[in-house]
Ligand SMILES: Cc1ncc(C[n+]2csc(CCOP(=O)(O)OP(=O)(O)O)c2C)c(N)n1
Ligand SMILES: Cc1ncc(C[n+]2csc(CCOP(=O)(O)OP(=O)(O)O)c2C)c(N)n1
Ligand SMILES: [Mg+2]
Ligand SMILES: [Mg+2]
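Protein chains in written order, with this note's numbering: chain Z, 211 to 532; chain F, 211 to 532; chain V, 325 to 650; chain Y, 325 to 650.
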């Protein structure tokens, strides 16, 4: 099968869906002629014009609110927050408006809106450009929160997100954009709310999202050398959580390690611990472990940043210590 | 001892600290002549004048940012976000600026700033005025997050928060303001980061915060009738978490129930589960339970709202089911 | 730097009657709500629109059902003037299943999408970009729909107002920004929040025409609305209208109102928009008092039925609770 | 609606020299950073200040060490003009312990509290209220300190600008808002973000004087800064200054610059603030070329030492990692 980058895969998803549905409109910064800082909207301006690919001023709370108004009145806006850290300036519209509108209106209206953004550290971008904030949004009823880890899922899930009648926070990863993977040329979608077992194993279940899925896979490979067979699950959807897939695995391996780039404390790992110990208490041989970013703002120094973030060796070490 | 309300206790804390330290300045909406919508700043304008008790326009992101600038340059601002739901419009300044400033500057500067606010449901205020968002902020390194449950703590902890060199998100509860409790006339403070065992028991540990502490106490009382002895812990500080106090109790009772008004999923309960099962795995007789708000936006209907929120009977039922 | 101050043109008698009826419906509705609130039938806070009726009415008369509005917690007046039914509004106020939002929205979140009412909002200023988005959508779909967003003098200091009006100006969106300047944001007087004499000045920085109008004069509001709405409909972009008015009730029911004098309130009560309109009607209509009596009777009857409808409507059940989250 | 356009007054030769030296120091510093960035010694993105030096310099010359500034990711120029040392800046750029922020802040978060530099900011617009808070503090403490906040043409569309300038106006705070209009926000040209010809117009709605100045002309900037800073220091409140300029480098290192033509960049290179100032100096100074050569030598020497200092400074260790969180 052909391989393309994660960024190209997202671009194809936007392109195909926009061709099919004239009500899809893109709103974001530098997404027009320039094609987006991560090239996700490349050539869309040329193909669909300024009407459908709208460069906005740096007014995130404003244009997320506009997306909501547009979604309530017949359009399917795909908005872009260039970095998830900037979601903080748009937080009211996301948390208090977009997420709650359907419920507050008694179900009168759907909000078929996508908020695309990207997160993750590892480039020395400093404290305001490195956060992984998915767990903050997962707390908010009324939003779907997903984070694809590879080009295939990126394309298939973005298509599903655009077609979804609910608002979806679609979280990409800055260090995945230019990684490649197999993506079929034929039409397909990937459902938003299913986790994916990407490696079968017997001894331990490693659950990760986004870029950490690759770290988990590498760790599993290394653990294999030591005779430890790890099952790896790509969580894909942070909210809702696909407990079925997770519990099936946990009941087999009886050991769980959760891996995320979000800070350890109060991250989604905690939620999984809470649910797994509740649903599979008697299966657990040992405490569930979390490998996650340290509870400090992301430092600029690349050396310190690496110490803050989870590394493959951290996963290996934790599994071996179980 | 004399009894005063939670609101009066907070007022005394502000009053006493402002008398002692001329660099304390209050910023917020309707806090001046009117004395605040919950009367927490009553008479402070009269005593300290417009210079020190500053009514702001409805510009939360702006005045939280101002608080930060003031805190970096010699003042000790105590800012007020009238409802925690409105923190969403100020999220960038709280999450990306206030919380990170000290660390990003390499420790050059302290940010001795308090952000007072209140949360909680139960009044039929609807989806945008009922949220309990403490867990969102607890995710952010660089903030202390506390929520006193009674007048004594309210006063003692607010005094500590004002004297603290770090930014403190100080979360009150709208339904506690006019509840009464014993508060000594003499000077005292309550340290910010210690949980408090408010009832001793043997069979189960119930950990709650804010208004839920009272629900937990009521539940414990009821459980006693059935011969179940519950230990009740008032968490007080959501971040940092006082694991020592918690683990001591858990190792004694071997059963844990967490109670919060925040939505169940991704709330602070999950974090406690993750830590407790890690630190006291072999002590746990049964899964840790969470009693929390359902994962839906808060509905207006008082009947539905009650179903969403944790109730005393829910705690009793869950404990009995363990 | 000048803002344009609109003086009233005359409306014909039929239009005056339409406006009067709507204003009276709103007034009586708001009064009924206070009664119901006192009876403990509502949750949360109740923010009365009393005293500001001419604004929602003057605009509502210029809007089609397919046009859009967003407004604030003080929003039942806007809803009625936009075609909402009292009975469904009241059912919502009481948290019943027959309310517009099935009891889940409540007073601060009145929404009636079929009437183009895209939501009252509990977050100050937050409805503004939503209306701008609806205007964007109308322009995109090439309809001639217009969006109107109502907000207060306090809301104009929220960042999102600035972000939204800039984009509306930039793209010539069919939206009208209506700042209802009632001189207070909660308990804080205007001059403690801004230096401006006229908030309409806030349009200048974006190239948006700023117009000041007497918000207690239906005819003045009507004509300003008519111009701004027509302009928007013609694709000529947004207008910022500052309607000067006063809320004669407290910010919310139970407000101690220590921040203003009885004299001030009394002076404004004399400028009550309904009183003013009645004075006009008396000149125009020989049988005004009979007309009024009949109208009041009709409205009272209608309201009584609506209250009964609302009270008889069941409360939502646990099943409803989990519906409509996603 | 008029903005005032400031034309340059003449500066005396000593001041011109001071300005020239600062501008050259900034330029050479920024050039060195690009080299170091290319060598892979820096993380993140690098946003050059090249082309805009006259602005930070013209303001810096009017500020005391005790005055405050906040600025953007493009902020080393402002820091140098406010008294920061190259060696500590460079150590920070390289993430070393001897940097101003011990390597934890990096290029986007340069802070030097002892020099009144309250932080560069990675969030567009976010430094604005922080400066207003510092001005509030100065007023509160009754010092004569002034705060200056530098931000871009794109930042003016962030809600927080509007919130902050309104409060500054309301309370007559000693703060100067400096909008460096370099015609682009990242890759988006100004006219796609706003309808304004002059961004200084944005001050009107708050009663804040808006002044346009040629940001590539040190003398013009100096005098506008002098007036605004003096006014603030005298307790007469804020000013909004729009300094028209151009960044001759890409938004960040590696920017493909497809959004503008080579011709446009070339035309602006001819208006380079350093070139312009050199032309002025040539008129005033008989031995300008010798003076320049000496100065360049001095700056190069200084910079070489600073680079060495930075490179030799150790990286922070794990212990540092957990320090300074709370
Ligand atoms: C973002 C935000 N901040 C504060 C509040 C609390 N609040 C509710 S109404 C109000 C005053 C609004 O005043 P104005 O905009 O003039 O509208 P009015 O109530 O006078 O109609 C305030 C401060 C809120 N709901 N949202
Ligand atoms: C809130 C926010 N939105 C978007 C960005 C991404 N971003 C960084 S710089 C920039 C352009 C800013 O333009 P301008 O204010 O003109 O400053 P300049 O870079 O031209 O100096 C953008 C959009 C950001 N950092 N913060
Ligand atoms: Mg008002
Ligand atoms: Mg710019």
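No residue lacks a Cβ here, since even glycine has one placed at the ideal position from N, Cα and C. All values reported here derive from a predicted model rather than from experimental measurement.
Practice item. Please report how far the alpha carbon of residue 451(F) lies from the alpha carbon of residue 529(Z), in whole angstroms. Key: Locating residue 451(F) in the second chain gives position 241, counting from the first residue. Locating residue 529(Z) in the first chain gives position 319, counting from the first residue. Rounded to whole angstroms, residue 451(F) to residue 529(Z) spans 26 Å at the Cα level.
Which listed residue (444(Z), 415(Z) and 414(Z)) has its alpha carbon closest to that of residue 424(Z) | For this step, residue 424(Z) is matched to residue 214 along the first chain. Measuring from the Cα of residue 424(Z), the nearest candidate turns out to be 444(Z).
Same chain, Cβ closer than 7 Å to residue 344(Y), five either side skipped, listed in chain order: By 1-based counting over the fourth chain, the position of residue 344(Y) is 20. Once the five neighbours on either side are set aside, the close Cβ partners of residue 344(Y) are 601 and 605.
Residue 507(Z) at chain F interface by Cβ criterion, 7 Å: Against the first chain, residue 507(Z) aligns to sequence position 297. Closer than 7 Å to some Cβ of chain F, the Cβ of residue 507(Z) qualifies, so yes.
Could you check how far apart the C-beta atoms of residue 245(Z) and residue 484(F) are, in whole angstroms? I think they sit under 8 Å. As a working note, residue 245(Z) is residue 35 in the first chain. As a working note, residue 484(F) is residue 274 in the second chain. Between residue 484(F) and residue 245(Z) the Cβ distance is about 41 Å, and since that is not below 8 Å, they are no contact.
- prompt: Taking the alpha carbon of residue 350(Y) as the point to measure from, which residue in 501(Y), 467(Y), 372(Y) and 508(Y) has its own alpha carbon closest?
  reply: Translated into the one-based positions of the fourth chain, residue 350(Y) becomes position 26. For residue 350(Y), the nearest C-alpha among the options comes from 372(Y).
key: residue 476(Y) - containing alpha helix (DSSP H), residue span   = Within the fourth chain, numbered from 1, the residue matching residue 476(Y) stands at position 152. It is not in any alpha helix (DSSP H) - residue 476(Y) instead sits in the beta strand (DSSP E) that spans 471-476.
### Task
Tell me whether residue 613(Y) is buried or exposed, calling it buried when 16 or more other Cβ atoms sit within 10 Å of its Cβ.
The sequence position of residue 613(Y) within the fourth chain is 289, counting from 1. Exposed, by the Cβ-count rule.
Could you check where the beta strand (DSSP E) with residue 329(Z) kicks off and where it finishes? The residue given as residue 329(Z) occupies position 119 in the first chain. 324-329 is the extent of the beta strand (DSSP E) around residue 329(Z).
Check your understanding: Mind pulling the alpha helix (DSSP H) runs of 4 or more residues that sit fully within the region 506-587 of chain V?
Key -> 542-557
- Query: Between 367(Z), 268(Z) and 499(Z), which lies nearest to residue 290(Z) when the distance is taken from Cα to Cα?
  - Reply: Start at 1 with the first residue of the first chain, and residue 290(Z) comes out as number 80. Selected option, being the one with the closest Cα: 268(Z).
Short-range partners of chain Y found in the region 465-488 of chain V, where Cβ spacing is below 8 Å: 481, 482, 483, 484, 485, 486 and 487
Open item on the list: With H, G and I counted as helix, E and B as strand and the rest as coil, what does DSSP make of residue 325(Y)?
Closed with: Here residue 325(Y) refers to the residue found at position 1 when the fourth chain is read from its first residue. Residue confidence is low: residue 325(Y) scores 49 on pLDDT, short of 50, so the model does not pin down where it sits. Its coordinate-derived value is still stated next. Coil, per DSSP.
Cβ of residue 479(V) versus every heavy atom of ligand 1: is any distance shorter than 6 Å?
Translated into positions along the third chain, residue 479(V) becomes position 155. Yes, the Cβ of residue 479(V) comes within 6 Å of a heavy atom of ligand 1.
Item to complete: Run down chain V in chain order and give the residues with a C-beta less than 9 Å from the C-beta of residue 296(F).
Response: Along the second chain, one-based indexing puts residue 296(F) at 86. Within chain V, the residues near residue 296(F) are 447 and 448.
Determine, using beta carbons only, whether residue 491(V) comes closer than 7 Å to chain Z. Locating residue 491(V) in the third chain gives position 167, where the first residue counts as 1. Interface residue, yes.
- Could you please give the first and the last residue of the uninterrupted beta strand (DSSP E) stretch that includes residue 383(F)? Here residue 383(F) corresponds to residue number 173 of the second chain, with the count starting at 1. Here the beta strand (DSSP E) through residue 383(F) covers 378-383.
If we count the other Cβ atoms within 10 Å of its Cβ and call it buried at 16 or more, is residue 516(Y) buried or exposed?
Numbered from 1 along the fourth chain, position 192 holds the residue referred to as residue 516(Y). With 16 or more Cβ atoms within 10 Å of its Cβ, residue 516(Y) is classed as buried.
Chain-ordered neighbours of residue 529(Y) on chain V, where CB pairs are closer than 8 Å: By 1-based counting over the fourth chain, the position of residue 529(Y) is 205. The answer, in chain order, is 520, 525, 526, 527, 528 and 529.
Could you tell me whether the Cβ atoms of residue 337(F) and residue 507(F) are closer together than 7 Å? Your numbering for residue 337(F) matches position 127 in the second chain. Your numbering for residue 507(F) matches position 297 in the second chain. Yes.
Check: If we count the other Cβ atoms within 10 Å of its Cβ and call it buried at 16 or more, is residue 599(V) buried or exposed?
Finding: Taking the third chain and counting its residues from 1, one reaches residue 599(V) at position 275. Classification of residue 599(V): exposed, given that the 10 Å Cβ count is below 16.
* Asked: Do residue 532(Y) and residue 567(Y) have their C-beta atoms closer together than 7 Å?
  -> In the fourth chain, counting from the first residue as 1, residue 532(Y) sits at position 208. In the fourth chain, counting from the first residue as 1, residue 567(Y) sits at position 243. Cβ distance not < 7 Å, so residue 532(Y) and residue 567(Y) don't count as in contact.
Step through the CB atoms of chain Z and report whether any lies within less than 7 Å of the CB of residue 387(V).
For the purposes of this step, residue 387(V) is identified with residue 63 of the third chain, where counting begins at 1. Closer than 7 Å: no.
Going by the beta-carbon positions, is the gap between residue 630(Y) and residue 410(Y) smaller than 7 Å?
In the fourth chain, residue 630(Y) corresponds to position 306, counting from 1. In the fourth chain, residue 410(Y) corresponds to position 86, counting from 1. Going by C-beta atoms, residue 630(Y) is nearer than 7 Å to residue 410(Y).
For residue 392(Y), is the classification buried or exposed, using 16 other Cβ atoms within 10 angstroms of its Cβ as the cut-off for buried? Taking the fourth chain and counting its residues from 1, one reaches residue 392(Y) at position 68. Residue 392(Y) is buried by the Cβ-count criterion.
message = On the criterion of 16 or more Cβ atoms from any shown chain inside 10 Å, does residue 398(Z) qualify as buried, or is it exposed?
response = Counting from one through the first chain, the residue named residue 398(Z) turns up at place 188. So residue 398(Z) counts as exposed.
**Study point:** Three CB pairs or more closer than 8 Å across the region 408-424 of chain Z and the region 314-323 of chain Z
**Key:** no
ask   = Hey, residue 377(V) and residue 401(V) are a contact pair by Cβ (cut 8 Å); roughly how many whole angstroms apart?
value = On the third chain, position 53 is the one that residue 377(V) refers to. On the third chain, position 77 is the one that residue 401(V) refers to. Rounded, the Cβ-Cβ distance is 6 Å, consistent with contact.
Residue 473(F), enclosing beta strand (DSSP E) - first and last residue
Here residue 473(F) refers to the residue found at position 263 when the second chain is read from its first residue. Counting along the chain, the beta strand (DSSP E) containing residue 473(F) begins and ends at 466-473.
- Task: Count the C-beta pairs between the region 421-428 of chain V and the region 459-470 of chain V that are closer than 8 Å, then say yes if the count reaches three, no if not.
- Result: no
Since residue 454(Y) meets chain F, which of its residues come closer than 7 Å, beta carbon to beta carbon?
Here residue 454(Y) refers to the residue found at position 130 of the fourth chain. Near residue 454(Y) (Cβ distances below 7 Å), the residues of chain F are 275, 278, 279 and 307.
What residue range is occupied by the uninterrupted alpha helix (DSSP H) comprising residue 455(Z)?
Numbered from its first residue, the first chain carries residue 455(Z) at position 245. Start and end: 453-463.
(message) For a quick check, are the C-beta atoms of residue 537(Z) and residue 326(Z) less than 7 Å apart?
(response) Outside the displayed range of chain Z (211 to 532) lies residue 537(Z), so it cannot be described from this structure.
Hey, could you find the ends of the alpha helix (DSSP H) residue 434(Z) is sitting in? In the first chain, the residue the question calls residue 434(Z) occupies position 224. 422-435 is the span of the alpha helix (DSSP H), which, as asked, contains residue 434(Z).
**Q.** Given residue 471(Y) as reference, the closest of 481(Y), 479(Y), 488(Y) and 413(Y) once Cα atoms are compared
**A.** For the purposes of this step, residue 471(Y) is taken as residue 147 along the fourth chain, with counting starting at 1. Comparing Cα-Cα distances from residue 471(Y) to each of 481(Y), 479(Y), 488(Y) and 413(Y), the minimum goes to 488(Y).
- [ ] Could you have a look at residue 481(Y) and say whether DSSP puts it in helix, strand or coil?
- [x] Residue mapping note: residue 481(Y) aligns to position 157 of the fourth chain, counting from 1. In this structure, residue 481(Y) counts as helix in the three-state DSSP scheme.
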